[in-house]
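See below for the structure under consideration.
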Amino acid sequence: MRSRQNERVQRIPVETPGGLYSRWFVAITALFVTTLIASNIVAVKIVDVWGLYVPAGTVTVFPLSYIFGDVLTEVYGYRRARLVIWLGFACNLLAVMAFTATQYLPAAPFWDAQAAYERILGYTPRLLAASFLAYLVGEFANAAVLSRLKIWTHGRLLWVRTIGSTLVGQGLDSLVFVTVAFIGTMAGADLVRTIVTAWLVKSAYEAVATPFTYLVVNALKRAEGIDTYDYGVSLSPFRLD
57 MRSRQNERVQ
67 RIPVETPGGL
77 YSRWFVAITA
87 LFVTTLIASN
97 IVAVKIVDVW
107 GLYVPAGTVT
117 VFPLSYIFGD
127 VLTEVYGYRR
137 ARLVIWLGFA
147 CNLLAVMAFT
157 ATQYLPAAPF
167 WDAQAAYERI
177 LGYTPRLLAA
187 SFLAYLVGEF
197 ANAAVLSRLK
207 IWTHGRLLWV
217 RTIGSTLVGQ
227 GLDSLVFVTV
237 AFIGTMAGAD
247 LVRTIVTAWL
257 VKSAYEAVAT
267 PFTYLVVNAL
277 KRAEGIDTYD
287 YGVSLSPFRL
297 D
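In this text, residue positions in the sequence shown follow my numbering: the first is 57, and each later residue adds one.
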């Protein structure tokens with residue numbers, strides 16, 4: 057039975073007959089990258105959510121990247137999700153390089169917003185390292201767990217798979233980011249509280265968005281005519297086949 061499924065999955069086209077990615081794949085990829093870059097910009101604002109203080113990106117756009125990541129893995133498989141994760145990393149790096157280069161360009165004499173620009177878009181090396189590392193660890197963990205859960209559940213219980221993979225991915229993301237960015241600058245208890253708060257808020261976002269995830273996944277599977285199972289696919293983040 058597995059060999060027949062594996063053979064069927066390997067024949068699934070993830071590209072159009074002309075060799076180009078489908079418009080739906082490109083659209084989801086664009087949304088994924090956009091939410092990723094936007095989340096890093098809005099994260100400089102700390103917001104009050106029912107008495108919990110978290111970066112704005114935590115409750116606005118960043119969790120959407122995990123939802124779009126779930127859609128990519130569920131519909132197109134781990135290999136395509138892996139490609140998009142690296143693409144998102146490259147685009148985010150390019151955006152940061154552009155922000156930084158612009159920061160050091162000489163300002164016009166009449167322009168008095170340099171301090172405001174640096175406050176919003178002037179990333180410190182430590183925060184950059186924390187953000188990039190947490191992104192890679194969290195996104196790859198999310199995609200890998202979802203990929204394997206799909207095989208183990210025979211494609212059933214999508215809500216369990218998306219929420220379960222998000223709990224792992226967002227947990228690792230929060231752990232890595234807060235630890236790398238803030239260890240040594242706050243008490244241990246505050247560090248743990250910040251990690252747990254960010255994890256729970258982002259995971260709750262995924263749970264609330266589950267009906268939306270079902271809607272998009274089912275629509276894409278019908279439109280593309282595919283439903284990918286990653287039999288025999290390596291989960292190494294460093295393979296781009």
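For each residue, glycine too, the CB sits at the ideal point set by N, CA and C.
At the C-beta level, I123 and A199 stay beyond 8 Å of one another. Runs of alpha helix (DSSP H) with 4 or more residues, each lying fully within the region 141-223, are found at 170-177 and 181-208, listed in chain order. DSSP places I102 within a strand segment (E or B) once states are collapsed to three. In the three-state scheme derived from DSSP, where H, G and I count as helix and E and B as strand, I239 is classed as strand. V224 is positioned such that its CB atom lies no closer than 8 Å to that of L189. In this chain, the alpha helix (DSSP H) harbouring V273 covers T266 to E280.
Residue pairing for L108: DSSP places it in a beta bridge opposite V105. Taking a 10 Å sphere around the C-beta of N274, we find fewer than 16 other C-beta atoms and assign the residue as exposed. Here DSSP, grouped into helix, strand and coil, assigns Y287 to coil.
In this structure the region 180-197 touches the region 217-233; the number of beta carbon pairs closer than 8 Å is three or more. Here the C-alpha atom of L214 lies approximately 26 Å from the C-alpha atom of L143. Between P111 and A99, the CB-CB gap stays under 8 Å. When Cβ pairs closer than 8 Å are counted between the two stretches, the region 176-185 is seen to touch the region 153-164, the count reaching three or more. A245 and I239 have their C-alpha atoms spaced approximately 11 Å apart. In the same chain as S203, and ignoring 5 residues on each side of it, the C-beta atoms closer than 6 Å to its own belong to T129, Y134 and D286, in chain order.
Just measuring C-alpha positions, the residue of L291, V289 and D283 sitting nearest Y132 is D283.
Residue burial annotation: F118 is buried, with at least 16 other C-beta atoms found within 10 angstroms of its C-beta. By a beta-carbon distance limit of 8 Å, L228 does not contact N148. Their separation comes to about 18 Å.
Nearest C-alpha to V127 among G288, K206 and V252: K206.
When only Cα atoms are considered, A172 and S221 end up about 38 Å apart. Note on W255: 16 or more other CB atoms within 10 angstroms of its CB, so buried under the neighbour-count rule.
Here D126 carries a helix assignment [DSSP, helix/strand/coil]. Here the alpha carbons of W208 and V257 stand approximately 28 Å from one another. Per DSSP, reduced to three states, the secondary structure at D229 is helical.
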